[in-house]
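Residue numbers (numbering that gives the first Met the number 0), protein chains in the order written: chain X, 0 to 149; chain W, 0 to 149; chain D, 0 to 149; chain V, 0 to 149.
So the structure is just underneath, and the comments pick up after that.
Protein chains: 4
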Amino acid sequence: MGAEVEYIRRVYYYETDRMGIVHHSNYIRWMEEARIEFMRENGADYEVVEKKGVLIPVTGVSCTYRRSAFFGDTVRVCVRLMSCTGARAAFSYRMYDADSGELLAEGESGHCFIDSETHRPVNARRRLPEEYATLAALVSEGQEGESDRK
Amino acid sequence: MGAEVEYIRRVYYYETDRMGIVHHSNYIRWMEEARIEFMRENGADYEVVEKKGVLIPVTGVSCTYRRSAFFGDTVRVCVRLMSCTGARAAFSYRMYDADSGELLAEGESGHCFIDSETHRPVNARRRLPEEYATLAALVSEGQEGESDRK
Amino acid sequence: MGAEVEYIRRVYYYETDRMGIVHHSNYIRWMEEARIEFMRENGADYEVVEKKGVLIPVTGVSCTYRRSAFFGDTVRVCVRLMSCTGARAAFSYRMYDADSGELLAEGESGHCFIDSETHRPVNARRRLPEEYATLAALVSEGQEGESDRK
Amino acid sequence: MGAEVEYIRRVYYYETDRMGIVHHSNYIRWMEEARIEFMRENGADYEVVEKKGVLIPVTGVSCTYRRSAFFGDTVRVCVRLMSCTGARAAFSYRMYDADSGELLAEGESGHCFIDSETHRPVNARRRLPEEYATLAALVSEGQEGESDRK
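Here it is as structure tokens:
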């Protein structure tokens, strides 16, 4: 719980490819797992968000790979919320080898808030006031969740 | 088109695992691709089925692996409809190396028909009369799509 | 540890499909995760097996789906070793909703032992004497790991 | 063949998630499929590269999502090589709905060249002279494959 959440899990065999390392696309999936854990631990469950009729799709994603992860490794993903406005949110991720502490990868993801029926943008302040308040209070590094208000 | 449909595609890099071969779970996905192609080519598009409010989930699946598939290979999946009743359907699959003709794997899948809202069983004869007629006429090996009527 | 190992994990968002449920192919992957955990907990790590130059590929797999799993659910996979001979092994799996205790799916997988370089069959009794002894002692339901000796 | 390669394929059912759209991680996989097709069509097969003992892992990836892709859609990926030096290469991707022509997503990927045994950097000019020459001649937008020589 808090502004940085740690999410830990093992590498699965099926996540590796014939290079013998984890396929790069799986880091994008780990980022999603960690982001959902961030929300859950902070009391803004993504399941609840969807039950309230809001989806938070990904508008952009990036990942830089520093070292390879291997089958049998345990990865630790440190996730932070970088910004959260009524319209958009952004997370950052640092992925480590949980045993050696070495940095494996760094990533970011951008998101918007949309209505689950119409897929049109919604204002999270109005549609998800509790989750919005929770998340906005967790924004890291001086960003206050206000940047798209002006 | 017809009682047996051939579906051909290359193996993707991300489908391999650290053994250097295609991960076994991907054959289950190829079966789905081939099954959807079977329906499309025969004029019973799965998209249309879903638009009519019916889902055809998988109730069981099996696959026997004969030879490994590798990155760069092209696979040919031969798919047949083994039975189709108002309540259930079953497909069989033979997967080959498209170049050598060698058998890679054989599989089967079982399905039911459910309502997309309630997820309760529906009778495909009533809810999907056209698709049902199309599919029932394609059943291979003497099974006439009537086995669960009695 | 022991003849039955329980493996528990959450359902990931990316494991769902547009039916709103977990895609059936992912149960096959959960079976692998649980099988690897079975080996790890019982001191026959799959990583170690591979380091000894042996692979244990899947020769067959089956799964019967009883109930759907959803995003946010936690699944509990109970895995047992059904047979283990010098040439082959078989596991069975029962997958439950960890909260309600409802049975979600039942599966089986068959495996052989091959050399990681040549991909030719090996005798696990000779190539993996420790792991073989460990596993053979864990075989459930009266099968003693001897069935292909005669 | 040429500086821009078009890669076309259908969306698979299992690529969708419970939002009803293609899961964002799959675009990263489509980029890989398109990149491999780019190399194949231009006579620098990735299989051959690996046979020569070189791997081209991903060092970074990014994707911006403009519109959702759905089951049943056909996507067209336009891939270009943005730079190729002895040490590194970068591709860019534009993904379209093949029917409507609408832009779905834009992405980039960065790569390095490493030895398949040691995983240490190699110089593609020396280890893959033919493939290097082929690729360097295809670099788009005035970049000549020389940027890391100085």
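Note that the Cβ used here is the ideal one computed from N, Cα and C, for glycine as well.
Values in this document were obtained by computation on a predicted structure and should not be read as measured data.
Going by beta-carbon coordinates alone, are residue 83/X and residue 127/X separated by less than 7 angstroms? In the first sequence, residue 83/X corresponds to position 84, counting from 1. In the first sequence, residue 127/X corresponds to position 128, counting from 1. It is not a contact, given that the beta carbons lie outside the stated cut-off.
Cβ neighbour criterion (16 or more within 10 Å) applied to residue 14/W: On the second sequence, position 15 is the one that residue 14/W refers to. With 16 or more other Cβ atoms within 10 Å, it is buried.
Inter-residue spacing [alpha-carbon to alpha-carbon] between residue 37/V and residue 8/W: By 1-based counting over the fourth sequence, the position of residue 37/V is 38. By 1-based counting over the second sequence, the position of residue 8/W is 9. C-alpha separation (whole angstroms): 16 angstroms.
Our contact map puts residue 71/W next to residue 101/V with C-beta atoms below 8 angstroms; I'd like the distance itself, whole angstroms only. Stepping through the second sequence from its first residue, residue 71/W is reached at position 72. Stepping through the fourth sequence from its first residue, residue 101/V is reached at position 102. 32 angstroms between Cβ atoms; not a contact.
Under DSSP, the alpha helix (DSSP H) around residue 45/W begins and ends at which residues? To locate residue 45/W, count along the second sequence from 1; it is residue 46. That run of the alpha helix (DSSP H) goes 45–50.
Can you list the alpha helix (DSSP H) stretches of 4 or more residues lying completely in the segment 44–113 of chain V, in chain order? 45–50
Which of the residues in the segment 36–65 of chain D, read from start to end, lie with their CB under 7 angstroms from any CB of chain W? 54, 56, 57, 58, 59, 60, 61, 62, 63 and 64
Quick one, which residues of the segment 12–38 of chain X are near chain A if we go by CB-CB under 7 angstroms, in chain order? Annotation note: the requested chain A is absent from the structure, which comprises protein chains X, W, D and V.
Interface residues of chain V facing residue 85/W [CB-CB closer than 8 angstroms]: As a first step, residue 85/W is located in the second sequence; it is residue number 86 there, counting from the start. Under the 8 angstroms cutoff, chain V gives no residues; its nearest Cβ is about 23 angstroms from residue 85/W.
With a CB to CB cut of under 6 angstroms and the five nearest residues on each side skipped, what residues in its chain are close to residue 40/D? Position 41 of the third sequence, counted from the first residue, corresponds to residue 40/D. If we look at residue 40/D and ignore the five residues flanking it on each side, its Cβ neighbours are 0 and 4.
What is the DSSP secondary structure of residue 6/V, reduced to helix, strand or coil? As a working note, residue 6/V is residue 7 in the fourth sequence. Residue state, collapsed to three classes: strand.
Tell me which residues share the same chain as residue 122/V and place their Cβ nearer than 8 angstroms to its Cβ, disregarding the 5 neighbours each side in the sequence. For this step, residue 122/V is matched to residue 123 along the fourth sequence. 85, 86 and 112.
To the nearest angstrom, how far is it from the Cα of residue 69/D to the Cα of residue 11/D? One-based indexing of the third sequence puts residue 69/D at position 70. One-based indexing of the third sequence puts residue 11/D at position 12. Their backbone Cα atoms lie some 9 angstroms apart in a straight line.
In angstroms with no decimal places, state the Cα-to-Cα distance between residue 95/V and residue 67/V. Indexing the fourth sequence from 1 puts residue 95/V at position 96. Indexing the fourth sequence from 1 puts residue 67/V at position 68. Between the C-alpha atoms of residue 95/V and residue 67/V there is a straight-line separation of about 10 angstroms.
C-alpha gap between residue 146/V and residue 139/V, whole angstroms: If you number the fourth sequence from 1, residue 146/V lands on position 147. If you number the fourth sequence from 1, residue 139/V lands on position 140. In this predicted model, residue 146/V has a pLDDT of only 45, less than 50, meaning its place in the structure is not dependable; the value taken from the coordinates is given anyway. The alpha-carbon atoms of residue 146/V and residue 139/V are separated by roughly 13 angstroms.
Are residue 53/D and residue 108/D closer than 7 angstroms when you measure CB to CB? Counting from 1 along the third sequence, the entry for residue 53/D is found at position 54. Counting from 1 along the third sequence, the entry for residue 108/D is found at position 109. Contact: no.
Between residue 75/W and residue 97/W, which are expected to be in contact by the criterion C-beta below 8 angstroms, what is the C-beta distance as a whole number of angstroms? Your numbering for residue 75/W matches position 76 in the second sequence. Your numbering for residue 97/W matches position 98 in the second sequence. About 4 angstroms; that satisfies the 8 angstroms criterion.
Along the alpha helix (DSSP H) that carries residue 39/X, what are the first and last residues, could you check? Taking the first residue of the first sequence as position 1, residue 39/X is located at position 40. From DSSP, the alpha helix (DSSP H) with residue 39/X extends over 24–40.
Residue 33/V classed as buried or exposed, judged by whether at least 16 other C-beta atoms fall within 10 angstroms: Here residue 33/V refers to the residue found at position 34 of the fourth sequence. Buried is the call here.
Length of the line joining the Cα atoms of residue 106/V and residue 16/X: Along the fourth sequence, one-based indexing puts residue 106/V at 107. Along the first sequence, one-based indexing puts residue 16/X at 17. For residue 106/V and residue 16/X, the distance between alpha carbons rounds to 22 angstroms.
Could you spell out where the alpha helix (DSSP H) holding residue 117/X opens and where it closes? Taking the first sequence and counting its residues from 1, the one referred to as residue 117/X is at position 118. Element bounds for residue 117/X: n/a, residue is neither H nor E.
Who are residue 15/W's beta bridge partners in DSSP? Here residue 15/W is taken as the residue at index 16 of the second sequence, counted from 1. Beta-bridge pairing links residue 15/W to 21/W.
Between 49/W, 129/W and 93/W, which lies nearest to residue 18/D when the distance is taken from Cα to Cα? Taking the first residue of the third sequence as position 1, residue 18/D is located at position 19. Ranking the options by Cα distance to residue 18/D, first place goes to 49/W.
Who are the Cβ neighbours of residue 116/W in its own chain at under 8 angstroms, not counting the five residues just before and after it? Taking the second sequence and counting its residues from 1, one reaches residue 116/W at position 117. Contacts found: 52.
Could you give the first and the last residue of the continuous alpha helix (DSSP H) run that contains residue 134/V? By 1-based counting over the fourth sequence, the position of residue 134/V is 135. First-last of the alpha helix (DSSP H) with residue 134/V: 128–135.
Count the other C-beta atoms from every protein chain shown that fall within 10 angstroms of the C-beta of residue 89/W, then say buried if there are 16 or more, exposed otherwise. Against the second sequence, residue 89/W aligns to sequence position 90. The residue is buried, with at least 16 neighbouring Cβ atoms inside 10 Å.
Taking Cβ positions, are residue 27/V and residue 55/X nearer each other than 7 angstroms? In the fourth sequence, the residue the question calls residue 27/V occupies position 28. In the first sequence, the residue the question calls residue 55/X occupies position 56. Not a contact, by the Cβ cut-off of 7 angstroms.
Using a Cβ cut-off of 7 angstroms (strictly closer), state whether residue 71/W contacts chain V. Working through the second sequence from its first residue, we reach residue 71/W at position 72. It does: the Cβ of residue 71/W has a partner Cβ on chain V nearer than 7 angstroms.
Could you pull out every residue in the same chain whose Cβ sits closer than 8 angstroms to the Cβ of residue 22/W, ignoring the five residues on either side in sequence? Along the second sequence, read from residue 1 onward, the residue named residue 22/W stands at position 23. Here residue 22/W has 14, 15 and 16 as same chain residues with Cβ atoms under 8 angstroms from its own Cβ, once five neighbours each way along the sequence are excluded.
Whole-angstrom C-beta distance between residue 24/V and residue 24/X, which should lie under 8 angstroms: In the first sequence, residue 24/X corresponds to position 25, counting from 1. In the fourth sequence, residue 24/V corresponds to position 25, counting from 1. With a Cβ gap of about 5 angstroms, residue 24/X and residue 24/V count as contacting.
If you check the beta carbons only, do residue 63/X and residue 64/V fall under 7 angstroms apart? Numbered from its first residue, the first sequence carries residue 63/X at position 64. Numbered from its first residue, the fourth sequence carries residue 64/V at position 65. No.
For residue 20/X, the nearest candidate out of 124/V, 137/V, 125/V and 118/V (CA to CA): Along the first sequence, one-based indexing puts residue 20/X at 21. Nearest option by C-alpha distance: 118/V.
Buried or exposed for residue 136/D, please, with buried defined as at least 16 other CB atoms from any protein chain shown within 10 angstroms of its CB. Against the third sequence, residue 136/D aligns to sequence position 137. The residue is exposed, with fewer than 16 neighbouring Cβ atoms inside 10 Å.
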